[in-house]
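Everything on this sheet refers to the single structure shown next.
Numbering (the working numbering), first residue to last: 1 to 216.
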């Protein structure tokens, strides 16, 4: 992965809303172009999940209410951020969920500029990168990008390896996170991308809503 070598990228997806909070998270760790580890679980909602949301997420109140809240796993996210950089497909959404749960990860490395920072940022954003680098593909919906770059088979294989059996489909947090991870890996395989480093990718991710404007 060129200049990204030896710096883990954690592709993150949250399912939930501002009212009910995070009801599922998925994290796919990308290293040297491969998904090397994953974390996922269903989380207790802040309040009852509305029927429409429960159907969309495929997560019932009976299941979710028996789980621990997302806040129990915040130390995991702080540890991951201390090791590498976060990424999502439309990163401002994931960033807002995370900052609502915990405004800062504590003092962590600034992989874009060097030194240390108190920010979850910078985020890489495969949605913004797809629009900026490959405008010919049209829309940047996650499933459309996976199809456009011929990644469905690789995603299916990763889902078989890492996802719970009933969560190997779109709008399941880990499945979507792995799609995001594989997209970045594919982008970095193109000629001319071998020298793309974190600062360059973060700049083209353009996620002003995630606090990115303070970095460049």
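Cβ coordinates follow ideal geometry from the N, Cα and C atoms, glycine included.
Values in this document were obtained by computation on a predicted structure and should not be read as measured data.
> DSSP state of residue 87, grouped into three classes?
Replying inline: Note: residue 87 maps to strand in three-state DSSP.
>> Within a Cβ cutoff of 7 Å, which residues of the same chain sit near residue 216, ignoring the five residues on either side of it in sequence?
In response: The predicted position of residue 216 is uncertain, since its pLDDT is 45 and thus under 50; no value can be drawn from it.
>> For residue 111, which residues in the same chain have their Cβ closer than 8 Å to its Cβ, ignoring the five residues on either side in sequence?
In response: Within the same chain, 7, 84, 85, 122, 198 come within 8 Å of residue 111 by CB-CB distance, once the 5 residues on both sides are set aside.
> Mind pulling the alpha helix (DSSP H) runs of 4 or more residues that sit fully within the stretch 69-147?
Replying inline: List check, alpha helix (DSSP H) in window: 74-83, 91-101, 126-133.
>> Let me check one thing: in DSSP terms, what residues is residue 7 bridge-paired to?
In response: Under DSSP, no beta-bridge partner is assigned to residue 7.
>> What does the alpha-carbon distance come out to for the pair residue 201 and residue 103?
In response: Rounded to whole angstroms, residue 201 to residue 103 spans 23 Å at the Cα level.
>> Just to confirm my understanding: we take residue 49, look at its own chain, exclude 5 residues before and 5 after, and list those with CB closer than 8 Å. What are they?
In response: Sequence-distant partners of residue 49 (beyond 5 residues in either direction) whose C-beta falls short of 8 Å from its own C-beta, in its chain, are 20, 23, 57, 59, 60, 61, 64.
> Is DSSP giving residue 13 helix, strand or coil here?
Replying inline: If DSSP states are grouped into helix, strand and coil, residue 13 belongs with the strands.
> Run through DSSP, which three-state label would residue 216 get?
Replying inline: Bear in mind that a pLDDT of 45 at residue 216, under 50, signals an unreliable position, so the number given afterwards is only what the model happens to contain. DSSP places residue 216 in coil when its eight states are reduced to three.
>> Measuring straight from C-alpha to C-alpha, what distance separates residue 52 and residue 178?
In response: Taking the straight line joining both Cα atoms gives about 25 Å.
>> Between 186, 180, 195, 106, which has its C-alpha nearest residue 94's C-alpha?
In response: Taking only the C-alpha atoms, the option nearest residue 94 is 180.
> Touching or not, the stretch 146-157 and the stretch 179-193, by the rule of three or more beta carbon pairs under 8 Å?
Replying inline: Counting C-beta pairs with one atom in each stretch, the stretch 146-157 and the stretch 179-193 have three or more that are closer than 8 Å, which means they touch.
> If residue 105 and residue 131 are in contact, beta carbons under 8 Å, what's the gap, nearest whole angstrom?
Replying inline: About 28 Å; that fails the 8 Å criterion.
> Under a three-way DSSP split, which group does residue 189 fall into?
Replying inline: Residue 189 sits in coil when the DSSP states are folded into three classes, being neither helix nor strand.
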